[in-house]
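See below for the structure under consideration.
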Amino acid sequence: MSSEERNAERQHGRDYHDPPPAPLLDMGELKQWSFYRASIAEFIATFLFLFFAVSTVVNYKEPNYTDQCSRVGYLGIACAYGGMIFVLVYCTSGISGGHLNPAVTFAMLVARKMSLIRAAAYMVAQCLGATLGVLFVFCFMYADEQQNSDGVVNVVSRNYSKGAGLGIEFVGTFVLVYTVFSATDPKRNARDSHVPVLAPLPIGFAVFVVHLATIPITGTGINPARSLATNLIYRGTAEVMDDLVRSSLTSSIHVNSYYPFAFQRNINMWRVVIDNPSHIKILNETTVTFDSQPCTHCNSVASHNLA
């Protein structure tokens, strides 16, 4: 391929192939500093996320008519969670991918986007960071344990059945992981250069919307690290949130089944690349041979994207 053809390909054609699956066990990662740096980034980010988000919940006050400025309400809590996710994913996406959630990490593992060793390190770092963040809140803002635990731990509301709570957690986690997959899809990143920059925005907004819908039902347990940390620190047990965590992880598996089936072909943009003047190859393991003719729009035989 000549230099002119390569320049034309860079301008008009883009590769929309998914990266190869990550190896399940990659022991070589343990020798790389980037592996430990990413784990530390997940730990720090999850710590900051839980510290500020749970602080907002602890300081939450019920609405009253005498002190209108003393409350944040469900809207403020949802903004705190969604806003912190937006900021921290933006800050850490270039280091670790900005997961901050074992459910997201588990989904990436099932999708073969990361190795088992890296996924395990991320989950441990996330749970430790979340526990430390909640512990700081408990120590610095401790007043009345029962009062502060209301709304902090994940429990199904008395007005809803356990099945309804598990169902809403399944749907909430599905929305979050589905948004993460969509915002970080390599095909979209290759097609639209602004997508990687804006990826934290829809993820944060998804967290915001899910919290608005599920706070009155379960306290929103779409993040297993958050559920584990708050139950351990405020109640000394993880028994209450076992079913919620299983629901979240199961939802992550279902997203892996649904997203490629529903959107892989729709998002896929075929790329036409000139190999030589006599034929054009359409990537996606299909080759079509015909005489090369100039494009009627740009009078060029360079590569073009076919929708």
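Residue numbers (UniProt numbering): 1 to 307. We put the CB at the ideal spot given by N, CA and C, even for glycine. Nothing here was measured: the structure is a model prediction, and the numbers come from that model.
| query | result |
| --- | --- |
| With burial defined as no fewer than 16 other Cβ atoms inside 10 Å of the residue's Cβ, what is the status of residue 121: buried or exposed? | buried |
| From this set, 86, 96 and 166, which residue's C-alpha is nearest residue 218's C-alpha? | 166 |
| Between residue 176 and residue 134, is the Cβ-Cβ spacing less than 8 Å? | no |
| Taking residue 102 as part of the alpha helix (DSSP H), name the residues at either end of that continuous run. | 102-110 |
| What did DSSP end up calling residue 157 once you bin it into helix, strand or coil? | coil |
| Which residues in the same chain as residue 160 place their Cβ atom closer than 7 Å to its Cβ, once the five residues preceding and following it in sequence are excluded? | 217 |
| Whole angstroms is fine: what's the gap from residue 146's alpha carbon to residue 235's? | At residue 146 the pLDDT is 45, less than 50, meaning the model places this residue with poor confidence; the figure from the coordinates comes in the next sentence. Cα to Cα, residue 146 sits roughly 9 Å from residue 235. |
| Would you kindly work out how many angstroms separate the C-alpha atoms of residue 270 and residue 38, rounded to a whole number? | Unreliable placement is indicated for residue 270, whose pLDDT of 34 sits below 50; the coordinate value is still reported in the next sentence. Approximately 34 Å, taken between the alpha carbons. |
| In terms of residue numbering, what span does the alpha helix (DSSP H) encompassing residue 32 cover? | Neither: residue 32 is in no alpha helix (DSSP H) and is coded neither H nor E. |
| What's the call for residue 75, buried or exposed, on a 16-neighbour Cβ count within 10 Å? | exposed |
| Might you give, ordered along the chain, the residues of its own chain that have their beta carbon closer than 7 Å to the beta carbon of residue 152, omitting 5 neighbours on each side? | 54, 57, 58, 230 and 234 |
| If you draw a straight line from the C-alpha of residue 30 to the C-alpha of residue 36, how long is it? | 8 Å |
| Give the secondary structure of residue 220 by DSSP, where H, G and I count as helix, E and B as strand, and everything else as coil. | coil |
| Could you name the residues of the same chain whose beta carbon sits closer than 6 Å to that of residue 78, not counting the 5 residues immediately before and after it, in chain order? | 208, 211 and 212 |
| State the Cα-Cα distance for the pair residue 125 and residue 45, rounded to the nearest angstrom. | 10 Å |
| Name the residue from 107, 98, 23 and 204 whose alpha carbon lies nearest to the alpha carbon of residue 40. | 98 |
| If you follow the alpha helix (DSSP H) that residue 90 is part of, which residue opens it and which one closes it? | 73-92 |
| On the DSSP letters alone, give me the boundaries of the alpha helix (DSSP H) that residue 128 sits inside. | 116-140 |
| Tell me the DSSP secondary structure of residue 231 in three-state form. | helix |
| Judging by CA-CA distance, which residue of 132, 154 and 117 is the nearest neighbour of residue 221? | 154 |
| Whose C-beta lies closer than 6 Å to the C-beta of residue 138 among residues of the same chain, with five residues either side of it excluded? | 233 |
| Between residue 26 and residue 185, what straight-line distance do the alpha-carbon atoms span, to the nearest angstrom? | 23 Å |
| Helix, strand or coil: how does DSSP classify residue 97 here? | coil |
| Between which residues of its own chain and residue 24 is the CB-CB distance below 6 Å, once the five residues before and five after are set aside? | 116 |
| Could you spell out the range, first to last residue, of the alpha helix (DSSP H) harbouring residue 179? | 162-183 |
| Find out if the Cβ-Cβ distance for the pair residue 228, residue 91 is shorter than 8 Å. | no |
| Buried or exposed for residue 198, please, with buried defined as at least 16 other CB atoms from any protein chain shown within 10 angstroms of its CB. | exposed |
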